[in-house]
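Heads up: the sequence shown runs through residues 125 to 645, numbered per our numbering.
From the three backbone atoms N, C-alpha and C, an ideal C-beta is built for every residue, glycine too.
Since this is a predicted model, take the numbers as computed values, not measurements.
Worksheet for the structure shown next.
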Amino acid sequence: MTKKFLLINPPYPLEESPSPPFGLMSLAAYLIKNNIDVIIEDFVVAPYSREYIKNVIDRYKPDLIGATGVTMNIKKALAILEDCRAIVPKTPTVLGGPHVTFDAQNILAENIFIDYIVRGEGEVTATELIKSLSRPSDLEKVAGISYRRDNEIVHNIEREFIQYLDSLPFPARHLCNLNKYKALGLPIGMMTSRGCPHRCIFCVGRRMVGGKVRYFSVERVVDELQMLAGMGFRQINIVDDLFTSHKKRCTEICNEIINRNIKVRWGAFARVDTIDRELLSSLHQAGCTVLCFGIESGNQEILDTVKKKTTLEMCRKAVAMCREAGIVPLASYILGLPGETADTVGKTMEFAGGLGAQYGYHILSPFPGTEVRDKCAEYGIRIFHDDWDKYDANQAVCEPAGISGGEIDAIYKKFNDGLDTYIQCAISEYQKGTPMSNELNMVAAVNISRAVAWEIIKNNITGDLKYGNSDKNAIVEELVSRLVPLTSLSETTVKREIKAFFENKYLVYHEDTGLQWSSSI
């Protein structure tokens, strides 16, 4: 009999621009390839309730219920699985993802309703786990899992990384409602490699996916990009830890995109020491519109301390080359790193403002598995919160010796308040029809679309909007009347967005089922 696996994507803030759950969709595809039935419940774009998950479980009757989670939403994942245990006490539960990979002991010790932890890459491990459920004696043979045995927590040996990545099928994107992400103006992600050769002390990537970079073949990468190009997303994000780790391969990918005449906007993560003018020219010709760089600090001593292995001059040159090539450089900074003081924060903000790149800040969150957490005393970092809900990198949960968490929070809040004002002004002028730059138009359009779509999703407005054979105009007017009081947008703006959702077939109306988010892509 075919095993059934219910996978859960827990809530995650829209401000962090989530994309459809790549890891779960990749896992689901591998499970399906191995004759395991899978469904995904995605609570990033659907409101969670215990009643809803009970209905799903009653209908689907899974043999295993699993969730993924990063540090900032691990408590939400745990709460959902606790509900599942109460609904079906005999159905085993499993957690995966970077947080539990490095906190397996505590998770199992503190949460009796969690039966298994999948550590590291999940495809092969989860497949072996669900196949072993009917033979408990086989559990000890499943590398990469943690579980309880006779009141003892057992950590099986580490699983080796998957070497031949082309053995993995395309992610099972059909299991998620991609139209909700499109309506929200969010990107879709794809991966061309796994692994990161660098050792930044604040990042868990190297430990999670290995220090040796493993690659999908060029043909496989471009096949997937070509498929995604026809799905109607504003942007495709390549979510590799470091897309530009291998210049020759990057160039081969670009050449293949150009040869196939694929026209699509995409972006990727890069390092300032991995690009040059020749590579940037290839990237631009192939449709790359944006590269994101982790600059981290405007202070060289801090960069050296966190093992970034870059210089401020490298950052300046990289940003200048991007601008010359027609690629938008995005710069990300972390406040509160070891050695931070009010003076170094000031220098970072001065550097960021003068670099010529769009930029934003996060605050250091010492996630489980990071060197800065494991050696916090050595780095002069005092951790004062282990409330994982606060580990969103938008508030201080630790502090270096030279500046308090409260001071960091105040600096961060002042910057983001200014950014919010900038966005609201752009939205206001956009609604008036004021001529603006392409950048401001895009900022306003994306935020307006997101605001309208999110109110529909959050309030589950589609669920009870049913008028028999009412025409579309009546449905639009009803939606507008419900949504305008929930937003700060004008009636004209809301109506325009709703009409666009129908025109793009994000929303559909059927006489029998009423208004629904379309599941077709």
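Same chain only: Cβ atoms within 6 Å of residue i, ignoring 5 sequence neighbours per side
i: R259; result: none
i: Q555; result: S614 and T617
i: N628; result: none
Whole-Å CB distance - residue i paired with residue j, under 8 Å assumed
i: I551; j: A577; result: Rounded, the Cβ-Cβ distance is 15 Å, inconsistent with contact.
i: V333; j: G319; result: 5 Å
i: A267; j: G220; result: Their Cβ separation, rounded to whole angstroms, is 14 Å, which puts A267 and G220 out of contact at 8 Å.
i: T225; j: I189; result: Contact flag wrong, Cβ pair sits at about 19 Å.
i: R384; j: Q350; result: 6 Å
i: I164; j: N197; result: Not confirmed; about 16 Å, so no contact.
i: I532; j: A520; result: 5 Å
i: F475; j: G422; result: 3 Å
i: K432; j: C324; result: 6 Å
i: S143; j: P321; result: Actually they do not touch by this definition, with Cβ atoms about 24 Å apart.
i: L479; j: V469; result: So it is not a contact: roughly 16 Å between Cβ atoms.
i: V169; j: I581; result: 6 Å
i: L352; j: I360; result: 5 Å
i: D161; j: K128; result: 5 Å
Helix, strand or coil at residue i [DSSP, three-state]
i: E420; result: strand
i: G68; result: There is simply no residue 68 to check, as the chain begins at 125 and stops at 645 in what is shown.
i: E165; result: strand
i: C549; result: helix
i: G529; result: helix
i: L613; result: coil
i: Y172; result: coil
i: T251; result: helix
i: C446; result: helix
i: G463; result: coil
i: A520; result: coil
i: F226; result: coil
i: T413; result: strand
i: I231; result: helix
i: T217; result: strand
i: E282; result: coil
i: N361; result: strand
i: P260; result: helix
Residue i, enclosing alpha helix (DSSP H) - first and last residue
i: R578; result: Per the sequence shown, the amino acid found at residue 578 is Trp instead of Arg. W578 -> alpha helix (DSSP H) spans N562 to K582.
i: I399; result: Per DSSP, I399 belongs to no alpha helix (DSSP H) and is neither H nor E.
i: L349; result: V342 to A353
i: N301; result: No alpha helix (DSSP H) holds N301; DSSP gives it neither H nor E.
i: A201; result: I198 to I211
i: K431; result: No alpha helix (DSSP H) holds K431; DSSP gives it neither H nor E.
i: N379; result: K371 to N383
i: S150; result: F146 to K157
i: R272; result: First-last for R272: I269 to R273, but that is the beta strand (DSSP E), not the alpha helix (DSSP H).
Same chain, Cβ closer than 7 Å to residue i, five either side skipped, listed in chain order
i: Y633; result: K596, I599 and L639
i: D290; result: F340, S341 and R344
i: E621; result: I572, S573 and V576
i: I399; result: T368, A442 and M445
i: P492; result: T195, H223, F226 and D227
i: S405; result: A449
i: A517; result: H486, I487 and S489
i: E348; result: F294 and M314
Span of the beta strand (DSSP E) around residue i
i: Q482; result: Q482 to I487
i: Q640; result: G638 to W641
i: S141; result: Here S141 belongs to no beta strand (DSSP E), and DSSP marks it neither H nor E.
i: C324; result: That residue, C324, is in no beta strand (DSSP E); it is neither H nor E in DSSP.
i: M125; result: No beta strand (DSSP E) contains M125, which DSSP labels as neither H nor E.
i: V632; result: L631 to H634
i: L188; result: L188 to T192
8 Å CB neighbourhood of residue i in its chain, flanking five on each side removed
i: F146; result: P295, G313, M314, M315 and V363
i: N436; result: The amino acid occupying residue 436 in the given sequence is Leu; Asn does not appear at that position. Same-chain partners within the cutoff: G422, Q424, L427 and F475.
i: E282; result: R243, G244, A267 and G268
Any non-hydrogen atom of the ligand HEM within 7 Å of residue i CB
i: N361; result: Looking at this structure, you won't find the ligand HEM or any other ligand, since it has none at all.
(message) Counting beta carbon pairs with one atom in the segment 375-391 and one in the segment 406-417, are three or more of them shorter than 8 Å?
(response) Here the segment 406-417 lies against the segment 375-391, with 3 or more beta-carbon pairs under 8 Å apart.
(message) I'd like to know if the segment 542-551 and the segment 487-502 are in contact, where contact means that at least 3 CB-CB pairs between them fall below 8 Å.
(response) no
(request) Decide yes or no for the touch test of the segment 259-269 against the segment 293-304: beta carbon pairs closer than 8 Å, at least 3 of them. (result) The way I'd put it, the segment 259-269 doesn't touch the segment 293-304; fewer than three beta-carbon pairs between them come closer than 8 Å.
(request) Would you check if there are 3 or more beta carbon pairs closer than 8 Å linking the segment 233-242 to the segment 199-207? (result) yes
(message) Closer than 8 Å is the cut-off here; do at least three beta carbon pairs connect the segment 496-504 with the segment 179-189?
(response) no
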